[in-house]
Amino acid sequence: MTTDAIYCFDRASVLFAIYPEGDGGPRVVAEITEDALRDIFGAQGGGDSLVEACREHADRIEGAAMRHYRHDPEKPVLLQTADFELPWSLAADSVN
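In structure tokens, the structure reads:
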């Protein structure tokens, strides 16, 4: 995810790529809201700081995105603040 992340002003989110089948498999575009990046991961500036927060917390964000994708591969992967709050994060982490 470190290279495939961009801030999307009109969507107020960062778009990033996940690879559910590994690096050689197909790419899925996922999205995390600006609010989640600010509220949960401490981003404080503009688009660059949002992308940086996404990169700094890539493992946790990518894990949540993969859970969403595996739950329903047909739905868009959109992460929001609630995806990182209790009890969802504990319940989801216990599945892995």
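Per UniProt numbering, the sequence shown starts with residue 1, numbered consecutively.
We put the CB at the ideal spot given by N, CA and C, even for glycine.
All values derive from a computational prediction rather than experimental measurement.
Option nearest residue i by Cα separation, candidates the options
| i | options | result |
| --- | --- | --- |
| LEU78 | MET66, GLU52 and ILE32 | ILE32 |
| GLU85 | PHE41, ALA30 and VAL28 | PHE41 |
For residue i, the three-state DSSP class (helix, strand or coil)
| i | result |
| --- | --- |
| VAL32 | Reading off the sequence shown, one finds Ile at residue 32, where the question assumed Val. Note: ILE32 maps to strand in three-state DSSP. |
| PHE16 | strand |
| ALA5 | strand |
C-alpha distance - residue i paired with residue j, whole-angstrom precision
| i | j | result |
| --- | --- | --- |
| ALA12 | ILE6 | 11 angstroms |
| ARG67 | ARG60 | 11 angstroms |
| ALA65 | LYS75 | 11 angstroms |
Neighbourhood of residue i by C-beta, 6 angstroms cutoff - its chain only, sequence neighbours within 5 removed
| i | result |
| --- | --- |
| ARG70 | none |
For the structure I just gave you, are there three or more beta carbon pairs, one from the stretch 67-81 and one from the stretch 22-38, closer than 8 angstroms?
Touching, per the Cβ criterion.
Tell me, please, whether the stretch 11-28 touches the stretch 55-75 by the rule of three or more beta-carbon pairs shorter than 8 angstroms.
Touching, yes, given that three or more Cβ pairs across the two stretches are closer than 8 angstroms.
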